[in-house]
Each structure stands twice: as structure tokens, then as C-alpha cells.
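A.B. asks: Input: one structure, supplied below.
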Amino acid sequence: MKDDVLDAVAAVGASGRYILGDHVAELEAALAARLGAGQAVGVGSGLDALEIALRCLDVEPGERVLTTPLSAFATTLALVRLGAIPVFADVDGAGLLDLDECRRFLRQSRGVRGLLPVHLYGHALDLDALAGLREEFGLWIVEDCAQAVGATWRGRPVGTVAEVAATSFYPTKNLGALGDGGAVLTGSPAHAERARRLRNYGQEETYCHVEVGLNSRLDELHAAVLHRALLPRLAGLTARRREIAARYCAEIRCRELRLPRPGPGSDSVWHLFPVLVKPGMRDAFVRHLRERGVETGAHYPTLISEQPALLRYGTFEVTSDLPRAHDFAANEVSLPVHPFLAEEELEHVIAACNDWRPR
Ligand SMILES: *Cc1c(COP(=O)(O)O)cnc(C)c1O
């Protein structure tokens, strides 16, 4: 994609405009169309997209918000930056926020008005269940789509149940820039307008600041590269991720590994490919793969509810002991699933997994 990237850089240079010009506007329009969102607003990062999404909904200090303890720390950090109170519910068998547990909790506990779920690993949460929770309890929802651009639940794109959703262009994400970036997604013109204001110092028109905003603008350079080089390739890159994931699902037969599957309605974009090892075996499995030249990740080894920064912040709740989230934190290993994995590399990873005989 080098030539397309360099063309994009040349176009921005020639335009003489580096912040909030035509390239950001063009990317926003293309992204909204591609993701089935009414509008997209380019911002500085995925974390900022989450914070701005929450601020569009006027989330206040002290407000309790149900969310997942198994995610990038940024999910909760956005709540913490607003002084909200994260309420952590357990995850389901696929590692995503357990919406049944959320429903049980909401039925017996008053005072939670919001939900911040994450389409983790690129899997879509059950959007019908999400919409059902919103109806039953009158919740607001912000969906964290940072790992799931393009994922759908029974054909419906992620990010379309929430009033406002957020995604990230961090370089390793499925739609990654050459630096930091993110986007707010919303079907509401009013929320989109508010997000545009918040990203630009709370400025309504030049030098007129109607609220306390941020400096969180997506750069023209990143927007042009995303629009010209990455977005046109997203479908192909996603198809390759799905192909690799399908091969892992069909061909990894080692009985010592569990392959958590997304829900049946989820057409995942496989940002990550998680497997679970037996308790106490993760280090040995990671070593086994590393000795065969296979690099792995862990998503995520420490639950957000146990991070030092959150313990210091102090104000959070848990709905249970979070046993399944702890299972993932202790035993999950992420296999390579990026779209540039070569055929022989893919076969090598499968063979290395099937060779795993823990003692
Ligand atoms: C990457 C990520 C974020 C944060 O995005 P940044 O662009 O790194 O700020 C938030 N949530 C999830 C689930 C992520 O994977």
C-alpha cells in the first residue's frame, strides 16, 4: 500500500491544510457509509472517542455505568476521566460482557443508567439483547467498537444500537492509521454536532467556546492515509482474517486448548484469535510456541478491576467475583491472526498448537 500512502501524504502537503480540512470530512463520510453509521466524527484516539461519546450523553460524575472488566484499560479510563463509577459485570464464554448477567443485575439493582459494552476480539455482542436491555431499563448505551470495525450481528453493524459509539485507528486495529486516531459514530445529527464541538475546544464557531472541550482532532494526514490506502482494502484484509480464523477453528484439534466461540449471530472481524489453556499452563504454552518461532499475546492478563490505577481511583463496583473474566485473564493466549500471515506460517502455527502436549 506504500504508493497509496505516499499519494495521500502528497495530497495533504499540496492542500496546505493539516487540521480539519477536506480529508477528514471525506474520511468521515466514507466511514459512516461503510460502517452503517449515520455520521462519523474523526478524533485524536479511541480513548478520546469514548470520552467524547460519553460527554455527548452528559454522563456525570458519580454516575454508575455497567461495563466489562476484560478489555483495553481505555474502556474504563474514559469513564474514570468523567468521574463516573464503573460497575464490572462478568464476561460470557466468549470473553464478552455477559448481557444475561447484566439483565439480572439491572433487575435487582436500581441506579445504573448506562451501559458501556465492548465488541471484544472483533466479535459482535448480541445486538438484539443490547437493544432489549435499553428498552427494558431505559439505559443509554455507548458501544466500544475499537476492535470490531465491520463486525455485524445478524447482519446489523456494531455501533448502531448505541446512541453513540466509538472506534480506534491505533495502528494494530483492523482499520489502523500510521499513528493515533479514532472516531465517534452516531445516528444522531445533534450528537455528531456536539462531538465536533467537543473535539475542537468546545468551539461552536471560531473563537466562540460554548463548553469546555478537548483538543482531539484527527489529523488530515491520518485521515488521508486511512481514506486512500486503508479503507479501500478493509474488506480484503477482513476477509483474510476470517479465513485464518476459520482455519484455526477447523484445524486446531489439540485437546489441551479451548477455542472460545463468538455467539451464533456474530460475524466476527477477528481482531484477535483467543485460545484458552488449562490453568497454570499459559507460560509453558507460550514458551512452546515461542520455541517454534510463533509470537503470541495475552488479552488481557490483568482485569481492569485489579489495575493499580483503578484501585487508587477507588470508586468502582463488581457484580460478582467475575470467575469467567478471571479465567480469561489467567489462561488466554492470542494466536497470530493478522491478514499478512502467509499460508506456510498459518500451517506452522496450527501444527505447533496441535503438537502441544503439556506435562
Ligand atoms: C484500542 C482500544 C481502545 C483505545 O483506543 P486508543 O486509540 O488506543 O485510545 C479502547 N477500547 C478497546 C476495546 C481497544 O481495543
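To convert, note that position 173 of the sequence shown is 178 in the numbering used here; the numbers rise steadily by one, no gaps. Think of the CB as a built atom: it goes at the ideal place given N, C-alpha and C, for glycine as much as any other residue.
Give me the residue from Glu216, Ala244, Ile249, Pro269 with the minimum Cα distance to Phe278.
C.D. replies: The candidate whose alpha carbon is nearest that of Phe278 is Ile249.
A.B. asks: Assuming contact is defined by CB atoms lying nearer than 8 Å, are Cys213 and Cys358 in contact in what I supplied?
C.D. replies: Result no, Cβ atoms of Cys213 and Cys358 do not sit closer than 8 Å.
A.B. asks: Is the Cβ-Cβ distance between Asp97 and Arg329 less than 8 Å?
C.D. replies: Yes, Cβ-Cβ distance for Asp97 and Arg329 is below 8 Å.
A.B. asks: Are the stretch 78–88 and the stretch 61–69 touching, with three or more C-beta to C-beta distances below 8 Å?
C.D. replies: The stretch 78–88 is in contact with the stretch 61–69.
A.B. asks: Should Tyr175 be listed as close to ligand 1, given that the test is whether its C-beta is under 7 Å from any heavy atom?
C.D. replies: True, at least one ligand heavy atom lies under 7 Å from that Cβ.
A.B. asks: Nearest CA to the CA of Arg118: which residue from Val70, Tyr126, Asp131, Gly127?
C.D. replies: Here the closest residue by C-alpha is Val70.
A.B. asks: How about Gly43 and Thr172: do their beta carbons lie closer than 8 Å?
C.D. replies: It is not a contact, given that the beta carbons lie outside the stated cut-off.
A.B. asks: Which partner residues does Asp392 have in the DSSP bridge list?
C.D. replies: The requested residue 392 does not occur in the structure, where the chain is confined to residues 6 to 364.
A.B. asks: Return the CA-CA distance between Arg115 and Glu311, expressed in angstroms with no decimal places.
C.D. replies: Distance between the alpha carbons of Arg115 and Glu311 is about 25 Å.
A.B. asks: Classify Gln113 as helix, strand or coil using the three-state DSSP reduction.
C.D. replies: In the structure shown, Gln113 sits in a helix (DSSP, three-state: H, G or I).
A.B. asks: Near Ala16, which residues of its chain fall below 8 Å by C-beta distance, leaving aside the five closest residues on each side in sequence?
C.D. replies: The residues are His28, Ala229, Arg233.
A.B. asks: What is the DSSP secondary structure of Phe321, counted as helix, strand or coil?
C.D. replies: Coil, per DSSP.
A.B. asks: Alpha helix (DSSP H) containing Arg202: first to last residue?
C.D. replies: Start and end: 194–203.
A.B. asks: Taking its Cβ as the centre, do 16 or more other Cβ atoms sit within 10 Å of Thr211, making it buried, or is it exposed?
C.D. replies: So Thr211 counts as exposed.
A.B. asks: Just checking my contact of Ala83 with Leu59 at CB under 8 Å: how many whole Å lie between their CB atoms?
C.D. replies: Yes, they are in contact, since the Cβ atoms of Ala83 and Leu59 sit about 6 Å apart, within 8 Å.
A.B. asks: Whole angstroms are fine: how far does the CA of Asp12 sit from the CA of Val274?
C.D. replies: Distance between the alpha carbons of Val274 and Asp12: 28 Å.
A.B. asks: Considering only heavy atoms of ligand 1, does any lie closer than 7 Å to the CB of Leu52?
C.D. replies: Yes, Cβ of Leu52 sits closer than 7 Å to a heavy atom of ligand 1.
A.B. asks: In chain order, what residues of the same chain have a beta carbon less than 6 Å from the beta carbon of Asp326, not counting five sequence neighbours either side?
C.D. replies: Taken in chain order, the list of residues that qualify is empty.
A.B. asks: In angstroms with no decimal places, state the Cα-to-Cα distance between Pro74 and Asp360.
C.D. replies: If I take the Cα positions, the gap works out to 32 Å.
A.B. asks: Give a yes or no on contact between the stretch 182–197 and the stretch 160–170, applying the rule of three or more CB pairs nearer than 8 Å.
C.D. replies: Flag = yes, the stretch 182–197 and the stretch 160–170 touch.
A.B. asks: Just to check, is the beta-carbon of Gln152 closer than 7 Å to a non-hydrogen atom of ligand 1?
C.D. replies: The answer is yes for Gln152.
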